[in-house]
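>
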Amino acid sequence: MNAQVLSGDSTVAQALEAAPEIGRVLISRRTACVGCYMARFCTLRDSASAYGLAWDGFMSEIKTAASNPKRNDGDGNA
Amino acid sequence: MQIPLANLRKVVVFQNATDEDLNQILRASALRQVEEEEYFFLQGDRAEHAYVLTEGQAKLVQSNPQGQVVNLRTLHPWQLFGALGAVRSQGTYPASAQALVDSSALAIPSDFLREMLVNRPQLSMDLMQLMTGYIQEMQSRYMELATERVEQRICRAVLRLAAQSAEKVDDGIELMLSREDLAEISGTTLYTVSRVLADWQRRGLVETGRERVKVLRPHELVRIAEGLP
């Protein structure tokens, strides 16, 4: 899955695979989604609902994190 | 000793005692003052006195040989504690009594109290009322400890298996799993697995069928397994 097409119907596992950066959002929002056994079944919308997170703000943070990867895979100038 | 009889009668065991009996108890007893963090008695000491807390706050703690400590109860004024010696003449205290703040307690000689109990059925009945209350409290705490831990184990097993082999269906997550398998995986009995699954079904967390479990509210199971608030 492309990080640009993340939506409320994406599962947590799909979202983390497409954009590992969103793990930071899930952790900072104090969810237990990263490493959760249910990650391949629960959608991002399920997660927001389970933890009582306002959907718009949560998804906006997810998309921002996904579009600003901070991967440590080189110096980026090559 | 300046303890009004009306206060002494707040002690459950003495609620029906006569003034004469209470005066006898006061004459036979001594007031002990203990500073914060010091002890009225230690676990394993001969239970030579029963105590009535008259001021302050204390706790009863029990420790095992490995040094692990369990807080059994917190004591407030006009509660009787350490009364085991009044029933068993050679008994030792099963726990230590430690003052949480500077505290005072009336120390009643166990032998004296035992002689009173023998001749006063009402006093014995009131002591039994206190003891049966403690037993009931301990039984419900034991129940919580035993069931909560096993529920967590069963829950983790269900989640682990779901992650490995479950399928998403319309209204939940379905996995093929017999109760016998679940009991074996989670190290408990078939009876306990059935009881826990029945409770989850009643709460709408799962739906169970023949050799299958459908998880309806996965996050609730995660909460149980992980001890989340």
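From first to last, the protein sequence lines are chains A and B. In terms of our numbering, the first sequence has 53 at position 50, counting the first letter as 1, and numbering is strictly consecutive. In terms of our numbering, the second sequence has 43 at position 37, counting the first letter as 1, and numbering is strictly consecutive. All C-beta atoms, glycine included, are put in the ideal place defined by N, C-alpha and C.
1. Determine whether the Cβ of A:A35 lies closer than 7 Å to any Cβ atom of chain B.
2. Only counting the same chain, and skipping five residues up and downstream in sequence, which positions put a Cβ closer than 6 Å to that of B:L119?
3. Check this for me: beta carbons of B:L136 and B:V18, under 7 Å apart or not?
4. Using 8 Å as the cut-off, can you tell me whether the segment 215–235 of chain B makes contact with the segment 34–49 of chain A, which would need three or more C-beta pairs spanning the two stretches below that distance?
5. By how many angstroms is the C-alpha of B:V107 removed from the C-alpha of B:L48?
6. Please list the terminal residues of the continuous beta strand (DSSP E) segment that includes B:V58.
7. Kindly list, in the order they appear in chain A, the residues whose Cβ is closer than 8 Å to that of B:E180.
8. Count the other C-beta atoms from every protein chain shown that fall within 10 angstroms of the C-beta of B:Y99, then say buried if there are 16 or more, exposed otherwise.
9. Cα-Cα, which of B:N70, B:A168, B:T80 and B:Q74 is closest to B:G62?
10. For B:P83, collect the residues of the same chain with a Cβ closer than 7 Å to its Cβ; drop the 5 residues on either side in sequence, then sort them by chain order.
11. How about A:A53: is its C-beta nearer than 7 Å to some C-beta of chain B?
12. In chain A, which residues lie less than 9 Å from B:E143 when you measure between Cβ atoms?
13. Would B:Y148 be called buried (16 or more neighbouring beta carbons within 10 Å of its own) or exposed?
14. Can you find a C-beta in chain A that's less than 7 Å from the C-beta of B:H55?
15. Taking only beta carbons into account, state which residues of the segment 221–233 of chain B come closer than 7 Å to chain A, listed in chain order.
16. When you compare each of B:P127, B:L203 and B:D177 to B:A163 by their alpha carbons, which one comes out closest?
17. Could you round the C-beta distance between B:L234 and B:L222 to whole angstroms and report it? I think they count as a contact, below 8 Å.
18. I'd like to know whether the C-beta of A:M62 is nearer than 7 Å to at least one C-beta of chain B.
19. Which first and last residues belong to the beta strand (DSSP E) in which B:V17 is found?
20. Counting only beta-carbon separations shorter than 7 Å, does B:V165 have a partner in chain A?
21. Just the Cα atoms here: how many angstroms apart are A:E64 and B:P224?
22. Could you tell me the boundaries of the beta strand (DSSP E) in which B:T198 lies?
23. Chain B partners of A:R48, CB-CB under 9 Å?
24. Going along the chain, which residues of its own chain have a beta-carbon closer than 8 Å to the beta-carbon of B:S192, five neighbours each way excluded?
25. Between the alpha carbons of B:E154 and A:S50, how many angstroms are there, rounded?
26. Please report the distance separating the alpha-carbon of B:S171 from that of A:M62.
27. Residue range of the alpha helix (DSSP H) that B:V228 falls in?
28. How about B:Q142 and B:A101: do their beta carbons lie closer than 7 Å?
29. If you drop the 5 nearest sequence neighbours on each side, which residues of the same chain put their C-beta closer than 7 Å to that of B:A36?
30. Can you list, in chain order, the residues of the segment 168–201 of chain B whose Cβ is nearer than 8 Å to any Cβ on chain A?
Considering the structure as presented:
1. yes
2. A56 and A92
3. yes
4. yes
5. Near 17 Å, if we compare the C-alpha coordinates of B:V107 and B:L48.
6. Note, B:V58: beta strand (DSSP E), H55 to E61.
7. Going along chain A, no residue has its Cβ under 8 Å from B:E180, so there is no contact; the nearest lies around 10 Å.
8. Residue environment for B:Y99: buried (at least 16 other C-beta atoms within 10 angstroms of its C-beta).
9. B:T80
10. Counting only Cβ-Cβ distances below 7 Å, and skipping sequence neighbours, we find L59, T60 and E61.
11. Yes - at least one Cβ of chain B is within 7 Å of the one on A:A53.
12. Ordered by position in chain A, no residue passes the 9 Å Cβ test against B:E143, which lies about 33 Å from the chain.
13. Answer is exposed; the Cβ neighbour count stays below 16.
14. Not an interface residue.
15. P224, H225, V228 and E232
16. B:L203
17. About 18 Å; that fails the 8 Å criterion.
18. For A:M62, the answer is no, since every Cβ of chain B falls outside 7 Å of its Cβ.
19. Taken as a continuous stretch (DSSP letters only), B:V17 belongs to no beta strand (DSSP E), as it is neither H nor E.
20. Val is not the amino acid found at residue 165 of chain B; the sequence shown has Leu there. Chain A, which has a Cβ nearer than 7 Å to the Cβ of B:L165, makes this yes.
21. 24 Å
22. Segment L196 to R208 is the alpha helix (DSSP H) holding B:T198; no beta strand (DSSP E) there.
23. Those do not exist, as A:R48 stays about 12 Å from chain B at its closest Cβ, beyond 9 Å.
24. V156, R159, I160, R162, A163 and V199
25. 25 Å
26. The alpha-carbon atoms of B:S171 and A:M62 are separated by roughly 29 Å.
27. Counting along the chain, the unbroken alpha helix (DSSP H) around B:V228 starts and ends at P224 to E232.
28. no
29. So the qualifying residues of the chain are A113.
30. A168, A169, A172, K174 and I179
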